[in-house]
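A short worksheet on the structure shown next.
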Amino acid sequence: MELHKIKTEWKGGLAFDTELGSHTLRMDAPESIGGTDTGPGPKKLMLTALSGCTGMDVALILKKMRVEYEKMDIEVEAELTTLHPKHYTKMHVIYTFYGKDLPVEKLEKAVRLSEDTYCGVRAVYAKTMEMSSEVRVIEL
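FYI, the working numbering numbers position 89 of the sequence shown as 93, with every residue one higher than the one before it.
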């Protein structure tokens, strides 16, 4: 088993810096709740983790399939409860591919492989909330 470890340091107010290998990530809260808005909030980073995890999978899979596209965007929409502890109850991932004559069936297969086999972030989230996705293609 591989162990991942991080360290998070309080920087004053509601700001925290996390060391992630050779990178530093600042988290903070909006001014409306007492932060200084110098970084994203931790819950929204959950969406970022999902989009990055599945995006890397899909890019690698499509490379192996020799599918060439101009651009790929990944949007994650998440429903948040209103009661504390506020948490996400549903996430919907929208994969948008831009290119000419893109093979939709291969794009969908790459997304399915990421979701069902490779993306560990999605695997964890799927245990606690409803997950859905869609593939969109923009012809250039």
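Cβ coordinates follow ideal geometry from the N, Cα and C atoms, glycine included.
Helix, strand or coil: how does DSSP classify Lys68 here?
Three-state DSSP puts Lys68 in a helix.
Beta-carbon separation of Leu106 and Tyr73 under 7 Å?
Cβ distance < 7 Å, so Leu106 and Tyr73 count as in contact.
Confirm, please, whether the CB-CB distance from Gly43 to Asp32 is below 7 Å.
Yes. Within cutoff.
What do you reckon, are the CB atoms on Lys11 and Glu23 nearer than 7 Å?
In contact: Lys11 and Glu23 (Cβ atoms closer than 7 Å).
Determine the DSSP secondary structure at Ala33, reduced to helix, strand or coil.
The answer is coil: DSSP assigns Ala33 none of H, G, I, E or B.
Here's the rule: buried if 16 or more other CB atoms are within 10 angstroms of the residue's CB, otherwise exposed. What is Arg30?
Exposed, because fewer than 16 other Cβ atoms sit within 10 Å of the Cβ of Arg30.
Please name the residue or residues paired with Thr22 in a DSSP beta bridge.
BP columns for Thr22 point to Thr12 and Leu29.
Measure the CB-CB distance between Tyr102 and Leu144 and report whether it falls below 7 Å.
Going by C-beta atoms, Tyr102 is nearer than 7 Å to Leu144.
At 4 residues or longer, and completely inside the segment 87-136: list those alpha helix (DSSP H) runs for me, N to C.
List check, alpha helix (DSSP H) in window: 108-117 and 124-130.
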